[in-house]
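Asks: Residue numbers (my numbering), protein chains in the order written: chain A, -2 to 291; chain B, 12 to 237.
Just so you know, even glycine gets a beta-carbon here, dropped at the ideal spot from N, CA and C.
None of these values were measured; they are calculated from a predicted model.
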Amino acid sequence: MSKLEDALSAGGFPLVVEVKPPKGVEVAKMLAPVTGLNGQVTAFGVPDNEHAKMRLSALAAARLVKEAGGEPLMLLTCRDRNRLALESDLLGAAALGVENILVLSGDYVHQGDHPDAKPVYDADSVQLLMVARELMAGRDSAGHALSGAPRFFLGAVVIPEAQPLGPQRLKFRKKLEAGADFFVTAPIFDLEKYRAFRKEAVPEGVKILACLKVPSADEVEKAARGELRKVYSLPPAVIQELSGGDPEEVLAKGAAVAGRLARKLREEKLADGIYLKAKGRPDLAAAFLKAAGF
Amino acid sequence: MIIAERKPFREIQDMVAPYGNVLIAGCGTCVAVCLAGGEKEVGLLAAQLKLARNLAGQTGRLGEITVERQCDREFIEPLREVATDYEAVISTACGAGVQFLAALLQDKPVFPALNTTFIGVNEAAGHYTERCRSCHQCYLGITGGICPVTMCTKGLLNGPCGGPIGGKCEVDPARDCAWCQIYERLESQGRLQQIEAILPLHPHSRTTSPGTVIHPAYLRRYAAHE
Ligand code: SF4
Ligand code: SF4
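1) Are the CB atoms of residue 281 of chain A and residue 241 of chain A nearer to each other than 9 Å?
2) Under the three-state reduction of DSSP, which class applies to residue 54 of chain B: helix, strand or coil?
3) Please find out if some non-hydrogen atom of ligand 2 comes closer than 8 Å to the beta-carbon of residue 189 of chain B.
4) Skipping 5 residues on each side, what residues in its chain have a beta carbon closer than 8 Å to that of residue 130 of chain B?
5) Tell me whether residue 194 of chain B counts as near ligand 2, meaning its Cβ is closer than 8 Å to at least one heavy atom of that ligand.
6) Do three or more CB pairs link the segment 167 to 176 of chain A to the segment 139 to 148 of chain A at distances below 8 Å?
7) Taking all protein chains shown into account, decide if residue 45 of chain B is buried (16 or more other Cβ within 10 angstroms of its Cβ) or exposed.
8) Chain A partners of residue 123 of chain B, CB-CB under 9 Å?
9) So, is the C-beta of residue 169 of chain B closer than 9 Å to a C-beta in chain A?
10) Measuring only from the beta carbon, is residue 142 of chain B closer than 8 Å to any heavy atom that is part of ligand 1?
11) Counting only beta-carbon atoms, is residue 119 of chain B nearer than 9 Å to chain A?
12) Cβ closer than 9 Å: which chain B residues qualify as neighbours of residue 133 of chain A?
13) In this structure, does DSSP put residue 70 of chain B in helix, strand or coil?
14) List, in chain order, every chain A residue whose beta-carbon is nearer than 8 Å to that of residue 194 of chain B.
15) Below 6 Å CB to CB, which residues in the same chain sit around residue 269 of chain A once its five sequence neighbours on both sides are set aside?
16) Please compile the residues from chain A whose C-beta is within a distance smaller than 8 Å of the C-beta of residue 212 of chain B.
17) What do you reckon, are the CB atoms on residue 49 of chain A and residue 9 of chain A nearer than 9 Å?
18) Along the chain, which unbroken stretches of the beta strand (DSSP E) at least 3 residues long are found entirely within the segment 53 to 90 of chain A?
19) For a contact defined as C-beta to C-beta under 8 Å, what are the partners of residue 178 of chain B on chain A?
20) Quick check: is any heavy atom of ligand 2 less than 8 Å from the C-beta of residue 165 of chain B?
21) Could you spell out where the beta strand (DSSP E) holding residue 209 of chain B opens and where it closes?
22) Measuring straight from C-alpha to C-alpha, what distance separates residue 200 of chain B and residue 198 of chain A?
23) Would you mind working out which of A:61, A:210, A:186, A:168 sits nearest residue 208 of chain B, comparing C-alpha positions?
24) Counting along the chain, where does the beta strand (DSSP E) carrying residue 32 of chain A start and finish?
25) Please list the terminal residues of the continuous alpha helix (DSSP H) segment that includes residue 261 of chain A.
26) Is the CB-CB distance between residue 76 of chain A and residue 104 of chain A below 9 Å?
27) Within its chain, find whatever has a CB closer than 8 Å to the CB of residue 59 of chain B; leave out the 5 residues flanking it on each side and keep chain order.
28) Excluding five sequence neighbours on each side, which residues of the same chain lie with their C-beta closer than 8 Å to the C-beta of residue 249 of chain A?
29) Give the interface partners of residue 164 of chain B over in chain A, defined as CB-CB distance under 7 Å, in chain order.
30) What does a CB cutoff of less than 7 Å around residue 205 of chain B pick up in its chain, not counting 5 residues either side in sequence?
31) Are residue 334 of chain A and residue 73 of chain A touching if we call contact CB-CB under 9 Å?
32) Verify the contact flag: residue 181 of chain B, CB atom, against every heavy atom of ligand 2, threshold strictly below 8 Å.
33) With DSSP as the reference, label residue 75 of chain B as helix, strand or coil.
34) With distances taken from CA atoms, which of B:125, B:101, B:116 is nearest residue 95 of chain B?
35) Does any CB atom of chain B fall closer than 9 Å to the CB of residue 116 of chain A?
36) Would you kindly work out how many angstroms separate the C-alpha atoms of residue 65 of chain B and residue 55 of chain B, rounded to a whole number?
Here's what the structure looks like:
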């Protein structure tokens, strides 16, 4: 059983901190949070060509996190691989000791740095969860027997502020049915909106890692101008608190705000753990931890 | 119908630059309706090419002919005879028509004048939009008459990605998210339960190209040829 699974099932309020695989092969910076924060962090999220921007493979990065002493949570998108590649990467992950997997559809290629690439989406995230379950049962998606079945702790994404909410709830139900063990939300800045979602849409017992993000000054400015086109929103009070100051100050304030949110989420039992996006920087994650009082 | 767009003139001009007498063969069906390769467009291309070739000091005759459909053998058969006077042929049909014509005129270069884009509809004059990727397994009965394979940019079969904002697609904010539309339509028709069940992985083996369809009434005829 992974530490993440263990902590979630024991009500231990785990913290997952995201690392940033490099565009290149210099991995020291990516691993800095692992060496710097390991004692306070349950697992490290490893993005898979995030925002459709090509980077070092999530599978390799996950293994590197493990070798550096951390537990990886590997993200796996449907965008870049057909079912053969998805399945063989899942087996590869299991063989390399990577148990925590978070499946995603994946941002479309136009949003990234290879806009002419062929988008795959052979499976969607619901189907990918089912495929992973099949592997765990000792069969591939075509029904062939495996020599040795992998073991995974499977996560999926949910969007609390989705507009409209109906189709998102449909997908959420299907992900549960397909065997998601836990969910990671889109970034949360607006506690009220998230609280409403949690109350209305999340069945008892479903494990949720609330995603908290340290936004860049650029993102805060966009939000202030009303130009942030995201599936989450920054409430006016948060924008006001974060605005002003140089980019580094904005990041520091962002880490403090995220920490405060984390503390509330924990106190009010609105989440079962946190997934922190802090630019892959150990100093920001440490500032977050301090503000959260973890 | 099949929608296509005319290639940039320069590309067409360069393709036929080595040839003197060139026949431009139009198609009177889909590409005529979408104003890309019918009789009128053949005339326009001929005039444009004539002017450019004159300026370049190139000699040779440009012929024009448009048939009902280039994807039907009986309609292109007469072109075998017509083409004998020409060194090369430009086809303004869709990719299927160009290939059928090229197969008919085995010894002659046949060049495409169009980029074939998609199977779509005529939204309004001169405005065409895609509707079908010919996936061999139509889901429209389940998804309320809105195609998840085509209208969802990611072709997802089990609901929206995490990206729609205010019902608009993450890829193009000017476009509705197909899955929000599917949900809305089925909800309004009281048929939401249809999309509750998980759709399995798509049978891509069926879409292995080139595809073949034999009408049931003709099964015996073609089976006999095997
Ligand atoms: S599901 Fe879509 S792509 Fe497939 S046949 Fe139907 S309309 Fe065409
Ligand atoms: S926003 Fe909607 S239409 Fe666009 S890719 Fe996502 S699910 Fe498909």
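Replies: Let's see:
1) Contact flag unset, no.
2) helix
3) yes
4) 12, 13, 14, 141, 142, 143, 144, 145
5) no
6) no
7) Taking a 10 Å sphere around the C-beta of residue 45 of chain B, we find 16 or more other C-beta atoms and assign the residue as buried.
8) Near residue 123 of chain B there are no residues of chain A at all, since even the closest Cβ is about 21 Å away, more than 9 Å.
9) yes
10) A heavy atom of ligand 1 is found nearer than 8 Å to the CB of residue 142 of chain B.
11) no
12) Within 9 Å Cβ-Cβ: nothing; residue 133 of chain A doesn't reach chain B, min ~17 Å.
13) Residue 70 of chain B: coil per DSSP, three-state reduction.
14) Residues of chain A passing the Cβ test: 161, 163, 164, 167.
15) 5, 204, 205
16) 80, 119, 120, 124, 128, 138
17) no
18) Listed in chain order, they are 69 to 74.
19) 160, 161
20) yes
21) Counting along the chain, residue 209 of chain B falls outside any beta strand (DSSP E), and DSSP gives it neither H nor E.
22) Straight-line Cα distance between these residues: approximately 23 Å.
23) Of the candidates A:61, A:210, A:186, A:168, the one whose C-alpha sits nearest the C-alpha of residue 208 of chain B is A:168.
24) Taken as a continuous stretch (DSSP letters only), residue 32 of chain A belongs to no beta strand (DSSP E), being part of the alpha helix (DSSP H) at 25 to 34.
25) 244 to 264
26) In contact: residue 76 of chain A and residue 104 of chain A (Cβ atoms closer than 9 Å).
27) 20
28) Exclusion of the five residues before and after residue 249 of chain A leaves 281, 284 as the residues of its chain whose Cβ lies within less than 8 Å of its Cβ.
29) Around residue 164 of chain B, the beta-carbon contacts reaching into chain A at under 7 Å are 105.
30) Taken in chain order, the residues that qualify are 153, 197.
31) Lying before the first or after the last residue shown, residue 334 of chain A is absent from chain A, which here runs from -2 to 291.
32) yes
33) strand
34) B:116
35) yes
36) So the two alpha carbons sit approximately 15 Å from each other.
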